[in-house]
Amino acid sequence: MITVCGGDCHRIDLIGTSIAITNYGTPVVTVKSDTAFCEKLAARPQQVVGRAVPLGDNALTVTPHPPPASSPSSAGIVLCGGQSSRMGRPKALLPFGPELMLQRVVRILSGVVSPIVVVAAPDQELPPLVEGVLLARDEREGRGPLQGLLAGMKELIRRGHPADLAVFATSCDVPLLSPAFIRQVLAAMGPLDQAAVPVDGHFYHPLAAAYRLAVLPEIEVLLAADQLRPAFLLERVSTSSIPVELLRAADRELHSLKNCNRPEDYWDALNIAGFPAPVSV
């Protein structure tokens, strides 16, 4: 398998008797191959997604991922049931320009995926949301993001969505989330992957990630065993790790990974977005 910047090749294009390997929009290498192999590749659709194995200086073999039986659209889950203890007030209700923070995140996400499920605590107050946004409530409080993912996925399954549906999961405190970033994370999920998650060194970003609904049983097993960290889920399912440097093509400063956990994080995000800070938090 040819590994480039820590990730598999994302796209393989045939150019005459050369094969160009692209890693999430970044050209990586072009290699010559034998004519017979190129003819085989030409018989397939170009932009083959798969794994490439070098066979020497001038040859390459490609094992394409099998195409999915169907190409379902992508959905979104926004988690906002946390306690916001470091912020000192509910983050979902923080003003951000003309909107509240949850409203802004839902609006950004809705430009890329549909439907969207907002997951809140049992008695949590929420701002008005646009028509069509679904609401789910955590069955138990204080169980972390896996509990929220479970509630959101159950709502999508209840409405008839298939197990291979890809879902972009985010928290409500990322007001600088970029549509291009969302698309790139979703695109990184191969047909055989059950999750795709940005990784910075050894640090994973499980709430800026994509999951298939098929992981729901694994989440149930983990919650039953009180294994609440999302890292446990990533260890149990087929996961595509996306080096954050590859995501800079979509979000140069990686603002999509900037959570507003504390008042100073919130003020900094407002400043980046060009909005004045409120009188108090």
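Residue numbers (numbering that gives the first Met the number 0): 0 to 280. From the three backbone atoms N, C-alpha and C, an ideal C-beta is built for every residue, glycine too. Keep in mind that this is a model prediction, so the values were computed, not measured.
query	result
In the DSSP output, what is F95 paired with across the bridge?	E98
With distances taken Cα to Cα, identify the nearest neighbour of A213 among S73, S84, A162 and G110.	A162
Between the C-alpha atoms of G131 and Y203, what's the straight-line distance to the nearest angstrom?	31 Å
Measure the Cβ-Cβ separation of L108 and G75 and say whether it is below 8 Å.	yes
Just the Cα atoms here: how many angstroms apart are Q146 and P97?	31 Å
Measuring alpha carbon to alpha carbon, tell me which of S239, C171, L232 and L191 ends up nearest K257.	C171
When burial is assigned at 16 or more other CB atoms within 10 Å of the CB, is S239 buried or exposed?	buried
Going by beta-carbon coordinates alone, are L175 and I271 separated by less than 8 Å?	yes
Based on the DSSP output, what are the partners of G75 in its beta bridges?	I115 and F167
How far does the alpha helix (DSSP H) with L222 in it reach, from first residue to last?	L215 to A223
Check F285 in the structure and name its three-state DSSP category.	Residue 285 cannot be examined here, being either before or after the span of the chain that is shown, 0 to 280.
Among A207, P197 and H160, which one has its Cα closest to the Cα of L245?	P197
Ends of the alpha helix (DSSP H) at P197?	That residue, P197, is in no alpha helix (DSSP H); its beta strand (DSSP E) goes A194 to D199.
Within the continuous alpha helix (DSSP H) that includes P275, where are the two ends?	That residue, P275, is in no alpha helix (DSSP H); it is neither H nor E in DSSP.
Count the other CB atoms, across all protein chains shown, that sit within 10 Å of the CB of G110; report buried if there are 16 or more and exposed otherwise.	exposed
In terms of alpha-carbon separation, which member of P89, G81, G80 and L78 lies closest to P262?	P89
Which stretch, first to last residue, makes up the beta strand (DSSP E) that contains A207?	A207 to R211
What is the residue span of the beta strand (DSSP E) that A135 lies within?	L133 to R136
When you compare each of L101, F274, F95 and P94 to V77 by their alpha carbons, which one comes out closest?	L101
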